[in-house]
Structure formats: structure tokens, C-alpha cells
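Trainee:
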Amino acid sequence: TRRTMAPRRWLLLLFLAAGVLQPLAQPDSRGFISIDCGLAEEASYVDDTTTLAYVSDSGFTDAGTNYNISAEYLGFSRRGHNLRSFPDGVRNCYTLRSLVSGLKYLIRASFLYGNYDGLNRPPASFDLHIGVNFWKTVNISTWGADQGNTAVVEAIVVVPDDLLQVCLVNTGGGTPFISSLDLRPLKRTFYPQATAEQGLVMLARFNAAPVNKTGTIRYPDDPHDRLWYPWFDATIWAEISTTERVYGVGDDLFEVPWKVMQTAIVTRNASENIWFGWESLDAEPRDDDPSRPGYIAILHFAELQLLNASNGELRQFYINLNDELAYPTGFTPEHLISNAIYDTKPSRHSGYNLSINATANSTLPPILNAVEMYYVIPTTNLGTDSQDAPAAMAIKAKYGVRKNWMGDPCFPRTMAWDGLNCSYAAANPPRITSINLSSSGLNSDISSSFAHLKALQYLDLSNNNLTGSIPDALSQLPSLTVIDLSGNQLNGSIPSGLLKRIQDGSLDLRHGNNPNLCTDGNSCQLAAKRKSKLAIYVAVPVLVIMVIVSVALLVFFLRRRNQQPGSMKNRRAVKPQNEEAQILTRIHHKNLVSMIGYCKDGEYMALVYEYMAQGTLREHIAGMNTNYEADTMEDVYHGGRDLKTHLNLHKRHIMDTEQA
Ligand SMILES: *[C@@H]1O[C@H](CO)[C@@H](O)[C@H](O)[C@H]1NC(C)=O
Ligand SMILES: *[C@@H]1O[C@H](CO)[C@@H](O)[C@H](O)[C@H]1NC(C)=O
Ligand SMILES: *[C@@H]1O[C@H](CO)[C@@H](O)[C@H](O)[C@H]1NC(C)=O
Ligand SMILES: *[C@@H]1O[C@H](CO)[C@@H](O)[C@H](O)[C@H]1NC(C)=O
Ligand SMILES: *[C@@H]1O[C@H](CO)[C@@H](O)[C@H](O)[C@H]1NC(C)=O
Ligand SMILES: *[C@@H]1O[C@H](CO)[C@@H](O)[C@H](O)[C@H]1NC(C)=O
Ligand SMILES: *[C@@H]1O[C@H](CO)[C@@H](O)[C@H](O)[C@H]1NC(C)=O
Ligand SMILES: *[C@@H]1O[C@H](CO)[C@@H](O)[C@H](O)[C@H]1NC(C)=O
Ligand SMILES: *[C@@H]1O[C@H](CO)[C@@H](O)[C@H](O)[C@H]1NC(C)=O
Ligand SMILES: *[C@@H]1O[C@H](CO)[C@@H](O)[C@H](O)[C@H]1NC(C)=O
Ligand SMILES: *[C@@H]1O[C@H](CO)[C@@H](O)[C@H](O)[C@H]1NC(C)=O
Ligand SMILES: *[C@@H]1O[C@H](CO)[C@@H](O)[C@H](O)[C@H]1NC(C)=O
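In mature numbering (1 follows the signal peptide of the UniProt record, and there is no 0), the protein residues as written are -25 to -1, 1 to 635.
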């Protein structure tokens, strides 16, 4: 029946798709995007330590030049071996697509100069933006990233749209470059300090007293692929560890990997403090940001020793910031349960001293398993209107516009796309009000995306090579007053909607110098009518001939089938030869029809598959519910076309998905 057939139809489609639906430039099955910048176009490899597949950045940006670093700096991480540098343009961006709008993501970029340009002069600094918001100034020399070290910059942000642009901005401090770019989805509840208005930039993420003193813990130990750097100092702290698994507290907001929580530092005796501090990076957000950055600390604790409470054993401590209680009561970590004490709001001081000291009742010294520190960045800048921005990007993609068309079309004002003017009303996203793509070498037809720019007032596409007809949808743009299409190869006539706007004086349409454009209303209409009449003269006889031929073929086919009932069987040489058929014969599943083989006899093709009650495979696939009682083992397809067409259509669908 229909109910049971439907899943079968889906399964058929599914297995045809299997193995080919992993387009590049898209998140993988975990939602990860892992980009090795500067890798040869289309290239990819699986990273040994993480088992993650890293892909070339060619599908994510259309600017910049690939380089390899100097051999003397080639190090352990393959990501550092090559990079992309951006000598041209102020702002150059990577576009990450197919994200989940409103979800929290970890974004990480890395930089290793390695004298890639042979100049031995790393850029002094350049800026990174996430979307339309400032992320961080990268100062390569601070990190020693010119010497073979890698600078790593990381943030946790809520992504407002289903695509995100990460931009490198040349601030006059040298040519920006990038070695790798990672994106990892987090759970919505994670890091509650990261909101739509505020992102977290990582200052430090430490795994205290790791077993491997040189190993950074990341994926697969951390399913979210955070980097947990080793942190220890045998001259100050003692170390304790367990081999037992540490579980997260219910409602765990951080899910620190248990491999990180299994080790901890403690003080040498109960009367000492664990403490660490840092100076405020007042120069960090740029000079034009007057406010001091706000910091957030997250301390992770789990008891790793089995304490004997009846023997009076207790580990209990206070957490202090600059000698004031940061957490109101003494805290006792639970045995093998990971818990965290964290700032819910950023604190703003010139210097920070976080200390952990035992309470008077505590018999054991204070402990710390892991710590994270972040500072917050505002993410409140508004990008271009959510309809205008994708339309502008589609126009850019269609015509391959280069200019400075990178990042957000209107924001910031100083980097707005050349040839675009925008309106900036307070508290509203910028709108695109005019586009001047005059003399820009545009080919093909007029993009339908122009008609999505609802605030457009002025559209200049003059002196290009635009072909096809003028879309009437442009007449629906309420504010549009000027369209200049002169000097193109447009044809057809001026659509009625636009004619109306011209006649009522609300639109100035310039269309001179389009040799094939029909601009005289009456003669065009006549020409159009003549054409449609001609079309009928041609179409009717063609249709009649087609019907006659079809009927003839049908009759021929039915007679042939009736006259020679056994002939197909008798002459069958079942030999699946082509690849599609071989794949089909290999697939066995209780919900799938097993194909045994096929044969081709002139223009006829037979598919041979298991016995199937109540009709043919074609009818089952089409979802028809017939009472056809045939126990036939074969279904004859004309010239084998049905299967082929199906596969080709499907292939095309996959290619479209890949191109998208
Ligand atoms: C970088 O090196 C690889 C192999 O080591 C080579 O295939 C590639 O072409 C080089 N790329 C550039 C931009 O020189
Ligand atoms: C980069 O860092 C170095 C070393 O800390 C410092 O001397 C230099 O002024 C910084 N450059 C910029 C542009 O911030
Ligand atoms: C420690 O980590 C480093 C770097 O990841 C790795 O090369 C090394 O094999 C590790 N050592 C042990 C004993 O696991
Ligand atoms: C414990 O710390 C105190 C104060 O720092 C010190 O006087 C004492 O010697 C330490 N005890 C041990 C056993 O290290
Ligand atoms: C805990 O301490 C009590 C009192 O000293 C002792 O009797 C008991 O055996 C201890 N329990 C364990 C599990 O060590
Ligand atoms: C712990 O440290 C705080 C801040 O330095 C201090 O006020 C408090 O007295 C200390 N507590 C104990 C029990 O030493
Ligand atoms: C930080 O605070 C602890 C505990 O009060 C103290 O021992 C330490 O000297 C302080 N460090 C700095 C740099 O002030
Ligand atoms: C210390 O222990 C005593 C006795 O059990 C208790 O009354 C007191 O509240 C405890 N102090 C703290 C800070 O927990
Ligand atoms: C549009 O661009 C063309 C070519 O760049 C320029 O000549 C023209 O002045 C521009 N029009 C306006 C209105 O800015
Ligand atoms: C955009 O604005 C600039 C400055 O106001 C003006 O010169 C230019 O003509 C405008 N361009 C268009 C296409 O309206
Ligand atoms: C249009 O295309 C032709 C041939 O590709 C080229 O010769 C011509 O310069 C182009 N015209 C404009 C205005 O771009
Ligand atoms: C207009 O040109 C396009 C291709 O440039 C062509 O496909 C179309 O048939 C032409 N239309 C008319 C009405 O001539």
C-alpha cells in the first residue's frame, strides 16, 4: 500500500545519494568547519592527532594569494606550513555558510608568519572582525609568531545569521595573512556570558597539571574542540590526579573534558594560596574604544581524592578577587564531579589577582583543575539589512564583482562597497539606496536580486554587456526613481509595470544604445503578437505529430510484448556492466528492492529484481496503488531512460548543492 511504499521510495533516493553529499565549503557532520588557509585549491587532508578533515580555503574566499612558509620554520603543525596573504584591499573576508542562526559558535584563527614573503618583516599588526564587529588586533611579534610560534585567536559568539564572515582588516601595519580558521558549534546553554550583544575573546584556557606536559588537549578528547593548554609549575604547586572518570555536574554549562578534570594543582600545604593574576589589556580593544575591557574568569573544580569525612577530612576554600571574596561562601568540590565557579558579568579593573585559600575548617589545601579567562567584546553593530545583504552578495557572485566588495556591503561606512550608497538610520540596519555598476564589464542578464533591494532609489547598470530582457519586478521597488540601462545588449520590450511608472512620472528609465531593445510600444506589441501566432502555427502541427508518433509507438510496443512473451527471458544475458547497475546489484536491505541485473535489447531495457507483489517497481516508485496482479519479474523501461533520467536529475541536484 501507499503507506509502506513511501519509505521505500525515500530509501531508494537516499542510497543513490550516499557518499556524494559531502560538499566542500560546508560544515561537516559535527557542524565543524576546519580550514587550512593557503592549501592548494580543492585540496584536503585528515589531521593525524584530531582525525579532523582540513580543507583548502579556496571555497571560502575569493581574494588573496597562497604562500608556503620558509623551510626553516616548518614545524609540527601542518596548518602552519602554508597561509593566505591579502596584499590588496582594506578588508578581506572568509564567508562561512550553512550555520544555524542564533547558535553559539567557537571561532579560532591561527597565524604563523614563517618569513613566507622572504622579507623577514612580519606585519606589525592588523585587525580581525567577526561579521561587522571588531574582534581583535593581531600583533604577530607579541606572540613570536614570526619565529615559528603560532598566534592563536579565539572567540565564542552567538551567530545572528546562517552565514558568518571573518574579515582581516589592513590598518596600515603590514599585509594581513592567516594560517587556519576553525568554526565549532557549541550548545546554546554553554558560556551563558556569550550573548547576542556580547562575545567572549579568549585570554587563556589552562589544563592544570596535565599528564603530558607538552600536549594540548582538544578534539576528540574535547568534543567541542576547545584547546586546553598545559599549566603547571612544580616549584610552586603540587599535583594530584585520578584515573577514574570525572562526570559533569547536572546542567553542565561548560562540559570540560574529563581528561582535563582528572588532573589538578594543589598547594603544598593547607595554609598556602593558589593565586594568579594579569594586567588589564587596556590597549587591546582599539584606542577608539574608551571603555576598559571587562573580564570573565571560569574556574573548574572536581575533588580527585576520596576523603574520609568521619575522620574530619575536608577540602574547602574561598575564591577571592583582589583580596575580596568573589564567591560568598566556602566551596567544597564533589568527588569526581566537575563543577565551575564563574563570573556571570564582566568585571573591570586595572589589574587582577585571583586567589584561592582554604577556609579555617579545611584540612586539605585548595585545588584547581582548569581555568578559562575571557574578555568581552560588544557585538551590537548592525550589519546591512537582512534582505539587502544577501541580495548584494548574490549580485556580487553573479557578476564576479571584485572592487572592494568584501564583508558587509554598508558597514562600517568607511569600508562600504564601492559603487554602493547606503542609508544609516539610528537603531536600524543600514539599507542599500543606490548601486552604480556602470562600466563594470557585467555579462549575462539582469540579476533578479536587484528587485530584492527594497530601499533602492538609484540603479546604474549602463555601459556593460547585459543581455536578455528587463525584469518587470524592478517596477515593484517603491523608492526607485532612476534606472540607467543604456549601452547594453538588452532585448525584448520595456515591461508594462515599468512603462506605467515612466508614464506617471515616478521613474526615469534610460535605455539608449541597446540595439535589440524594442522601445516603440505599438510595434513591439505587434511583433510580439506576430511571434505568438507564429508559435501557434508551429506548435499545433508539432503536437499532432507527437501524439501520432506516441500512439504508434505504444501500439508497436504492446503488440511486441504480447507476441513474444518469453523472448526477453530466452535471449537474456544478465550482465550488469555499467557502474550504476553494479552499485544497484550490490545493495541489499529489507526495505530496498534488490536488483539482480539488467539487459538491453535494442531500444528496450530490462531491470531484473526480486519478486515483488502488487505491481511493478515503477508503480511502487510512483506510489501508485493498483490491483495489478502480475507476478512478473521484470519491468521494461523504454531505452532504459527512466533509470538514467532519474540518476542524472539526482546528480544535477547534488552538483547544485555543491555549488550553493
Ligand atoms: C607549497 O608546497 C606544496 C608542496 O610542498 C606545493 O605543492 C605547493 O604548490 C606550494 N605552494 C605554493 C603557493 O608555493
Ligand atoms: C606589538 O607587540 C610588540 C611587543 O609587545 C610591541 O613592541 C609593539 O608596539 C606592538 N605593535 C603594535 C602595533 O601594537
Ligand atoms: C605529549 O604531547 C605531545 C604533543 O602533542 C606528543 O607529541 C607526545 O607524543 C605526547 N606524549 C605522550 C607521552 O603522550
Ligand atoms: C606550610 O606553609 C607554611 C607557611 O607558608 C610553612 O611555614 C610550613 O613550613 C609549610 N609546611 C610544610 C609541611 O611545607
Ligand atoms: C574513616 O575514618 C574512621 C575514623 O578514623 C575510620 O574508622 C574508618 O576506617 C575510615 N574509613 C576509611 C574508608 O578509611
Ligand atoms: C582568605 O583570603 C582572603 C582574601 O585574601 C582573606 O580575607 C581571608 O582571611 C583568607 N581566609 C583564611 C581562612 O585565611
Ligand atoms: C595575590 O594575592 C595573594 C593572596 O592575597 C598574594 O599572596 C599575592 O602576593 C598577590 N599577588 C600579587 C601580584 O599581588
Ligand atoms: C567550621 O566548622 C564549624 C563546626 O562544624 C561550623 O560551626 C562552622 O560553621 C564552620 N565554618 C565554616 C566557614 O564552614
Ligand atoms: C557611476 O560610476 C561611473 C563610472 O565609475 C561614474 O562615471 C559616474 O559618475 C557614477 N555615477 C554616480 C551618480 O556617481
Ligand atoms: C553616493 O554618494 C556620494 C556622496 O554623497 C555621491 O557623490 C554619489 O554620487 C552617490 N552615488 C550614487 C550612485 O548615488
Ligand atoms: C562586451 O563584450 C565584448 C566581447 O566580449 C567586448 O568586446 C566589449 O568591449 C564589451 N563591452 C562592454 C561595454 O563591456
Ligand atoms: C533575448 O536574448 C536572449 C539571449 O541573450 C535570448 O535567449 C532571447 O531569446 C532573446 N529574446 C528575444 C525576445 O529576442
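Where a beta carbon is used, it is the ideal one built from N, C-alpha and C, also for glycine.
(1) Determine the contact status of S322 and A277, defining contact as a CB-CB distance below 9 Å.
(2) Which parts of the segment 402 to 475 are runs of the alpha helix (DSSP H), unbroken and 4 residues or longer, counting only runs that do not cross its ends?
(3) Below 8 Å on the Cβ atoms is my guess for L156 versus N67; work out the distance and round it to an integer in Å.
(4) Could you spell out where the beta strand (DSSP E) holding V235 opens and where it closes?
(5) Give me the Cα-Cα distance between I370 and S422, rounded to the nearest whole angstrom.
(6) Which of helix, strand or coil does DSSP assign to I115?
(7) Once you ignore the five residues that flank Q464 on each side, which residues in its own chain have a CB closer than 8 Å to its CB?
(8) In chain order, what residues of the same chain lie with their CB nearer than 8 Å to the CB of S437, ignoring the 5 residues before and after it?
(9) Under the criterion of a Cβ to heavy atom distance below 8 Å, does N283 qualify as lining ligand 5?
(10) If you draw a straight line from the C-alpha of T355 to the C-alpha of E172, how long is it?
(11) According to DSSP, is A335 part of a helix, a strand, or is it coil?
(12) How many angstroms separate the CA atom of P268 from the CA atom of A284?
(13) Heavy atom of ligand 10 less than 8 Å from the Cβ of N463, yes or no?
(14) Per DSSP, what are the beta-bridge partners of Y374 in this structure?
(15) Could you spell out the range, first to last residue, of the beta strand (DSSP E) harbouring E247?
(16) Would you identify the three-state DSSP class for Q(-4), choosing helix, strand or coil?
(17) Specify the secondary structure class of S285 as computed by DSSP and reduced to three states.
(18) Please determine whether the Cβ atom of S444 lies at a distance below 8 Å from any heavy atom of ligand 12.
(19) What's the call for S481, buried or exposed, on a 16-neighbour Cβ count within 10 Å?
(20) Under 9 Å, do W212 and V235 count as touching if we go by C-beta distance?
(21) In or out: G494 buried (at least 16 other Cβ within 10 Å) or exposed?
(22) Are R180 and M390 close, meaning C-beta to C-beta below 9 Å?
(23) Leaving out five residues before and five after D136 in sequence, what residues of the same chain have Cβ atoms less than 6 Å from its Cβ?
(24) Per the DSSP calculation, R59 is bridged to which residue(s)?
(25) Say whether the segment 186 to 199 touches the segment 104 to 119, bearing in mind that this needs 3 or more beta-carbon pairs closer than 8 Å, one atom from each stretch.
(26) Between L256, V21, L281 and Q237, which lies nearest to H275 when the distance is taken from Cα to Cα?
(27) By the DSSP assignment, the beta strand (DSSP E) with L103 in it spans what residues?
(28) Contact check, R388 vs Y399 under 8 Å by CB: the rounded distance?
(29) So, helix, strand or coil for G50, using DSSP?
(30) Using only the alpha-carbon positions, how far apart do D420 and N466 sit?
(31) Taking the continuous beta strand (DSSP E) assigned at S76, which residues delimit it?
(32) Going by C-alpha to C-alpha distance, which of N403, S19, R220 and L282 sits closest to T338?
(33) Any heavy atom of ligand 5 closer than 8 Å to the beta-carbon of N286?
(34) According to the Cβ coordinates, are L296 and L329 closer than 9 Å?
(35) Taking just the CA atoms, how far does Y350 sit from residue 695?
(36) Do you know how far the Cα of S450 is from the Cα of L473?
Mentor: In terms of the structure at hand:
(1) In the sequence shown, counting from the first residue as 1, residue 322 sits at position 347. In the sequence shown, counting from the first residue as 1, residue 277 sits at position 302. Not in contact: S322 and A277 (Cβ atoms no closer than 9 Å).
(2) none
(3) Numbered from 1 along the sequence shown, position 181 holds the residue referred to as residue 156. Numbered from 1 along the sequence shown, position 92 holds the residue referred to as residue 67. Not confirmed; about 12 Å, so no contact.
(4) Here residue 235 refers to the residue found at position 260 when the sequence shown is read from its first residue. Segment W233 to M236 is the alpha helix (DSSP H) holding V235; no beta strand (DSSP E) there.
(5) If you number the sequence shown from 1, residue 370 lands on position 395. If you number the sequence shown from 1, residue 422 lands on position 447. About 7 Å.
(6) Reading the sequence shown from its first residue, position 140 is the one you call residue 115. Reduced to three states, the DSSP call for I115 is helix.
(7) Here residue 464 is taken as the residue at index 489 of the sequence shown, counted from 1. Excluding residues within five positions, the ones whose Cβ falls inside 8 Å are N440, L441, T442, N489, P490 and N491.
(8) Sequence index remark: in the sequence shown, residue 437 carries index 462 (1-based). Cβ neighbours of S437 beyond the five flanking positions: S413, S414, D459, L460, S461, G462, N463 and R485.
(9) Within the sequence shown, numbered from 1, the residue matching residue 283 stands at position 308. At least one heavy atom of ligand 5 is nearer than 8 Å to the Cβ of N283, so yes.
(10) Counting from 1 along the sequence shown, the entry for residue 355 is found at position 380. Counting from 1 along the sequence shown, the entry for residue 172 is found at position 197. Going by the C-alpha atoms only, they are around 5 Å apart.
(11) For the purposes of this step, residue 335 is taken as the residue at position 360 of the sequence shown. Coil at A335, not helix or strand.
(12) In the sequence shown, the residue the question calls residue 268 occupies position 293. In the sequence shown, the residue the question calls residue 284 occupies position 309. Straight-line Cα distance between these residues: approximately 43 Å.
(13) Locating residue 463 in the sequence shown gives position 488, where the first residue counts as 1. N463: no, Cβ never under 8 Å from ligand 10.
(14) What you label residue 374 is simply residue 399 of the sequence shown in a count that begins at 1. According to DSSP, residue pairing for Y374 in a beta bridge does not occur.
(15) Taking the sequence shown and counting its residues from 1, the one referred to as residue 247 is at position 272. Where E247 is concerned, there is no enclosing beta strand (DSSP E), given that its DSSP letter is neither H nor E.
(16) Taking the first residue of the sequence shown as position 1, residue -4 is located at position 22. Only weak support exists for where Q(-4) lies, its pLDDT of 37 falling under 50; the coordinates are left without a value.
(17) The residue given as residue 285 occupies position 310 in the sequence shown. Helix, per DSSP.
(18) The count along the sequence shown starts at 1 and reaches residue 444 at position 469. Yes, Cβ of S444 sits closer than 8 Å to a heavy atom of ligand 12.
(19) Translated into positions along the sequence shown, residue 481 becomes position 506. Flag for S481 reads exposed.
(20) In the sequence shown, residue 212 corresponds to position 237, counting from 1. In the sequence shown, residue 235 corresponds to position 260, counting from 1. Against a cut-off of 9 Å, the Cβ pair of V235 and W212 comes out as no contact.
(21) Position 519 of the sequence shown, counted from the first residue, corresponds to residue 494. According to the sequence provided, residue 494 is Thr. The question's Gly does not apply to it. By the neighbour-count rule (16 or more Cβ atoms within 10 Å), T494 is not buried but exposed.
(22) Within the sequence shown, the letter at position 205 stands for residue 180. Within the sequence shown, the letter at position 415 stands for residue 390. Cβ distance not < 9 Å, so R180 and M390 don't count as in contact.
(23) Along the sequence shown, one-based indexing puts residue 136 at 161. S76, listed in sequence order.
(24) On the sequence shown, position 84 is the one that residue 59 refers to. Answer by DSSP bridge pairing, in chain order: N41 and I153.
(25) no
(26) For the purposes of this step, residue 275 is identified with residue 300 of the sequence shown, where counting begins at 1. Residue Q237 is the option with its Cα nearest to H275.
(27) Locating residue 103 in the sequence shown gives position 128, where the first residue counts as 1. Element bounds for L103: F101 to I105.
(28) Along the sequence shown, one-based indexing puts residue 388 at 413. Along the sequence shown, one-based indexing puts residue 399 at 424. Right, their Cβ atoms sit about 7 Å apart.
(29) What you label residue 50 is simply residue 75 of the sequence shown in a count that begins at 1. G50: coil per DSSP, three-state reduction.
(30) Numbered from its first residue, the sequence shown carries residue 420 at position 445. Numbered from its first residue, the sequence shown carries residue 466 at position 491. D420 and N466: Cα-Cα distance of roughly 10 Å.
(31) As a position in the sequence shown, residue 76 is number 101, starting the count at 1. Taken as a continuous stretch (DSSP letters only), S76 belongs to no beta strand (DSSP E), as it is neither H nor E.
(32) Sequence index remark: in the sequence shown, residue 338 carries index 363 (1-based). The shortest C-alpha separation from T338 is found at L282.
(33) For the purposes of this step, residue 286 is taken as residue 311 along the sequence shown, with counting starting at 1. Yes, the Cβ of N286 comes within 8 Å of a heavy atom of ligand 5.
(34) Within the sequence shown, residue 296 is the residue found at index 321, counting from 1. Within the sequence shown, residue 329 is the residue found at index 354, counting from 1. For L296 and L329, yes; Cβs fall inside 9 Å.
(35) Residue coverage of the chain in this structure runs from -25 to 635, which leaves residue 695 outside it and unanswerable.
(36) Locating residue 473 in the sequence shown gives position 498, counting from the first residue. Locating residue 450 in the sequence shown gives position 475, counting from the first residue. Taking the straight line joining both Cα atoms gives about 5 Å.
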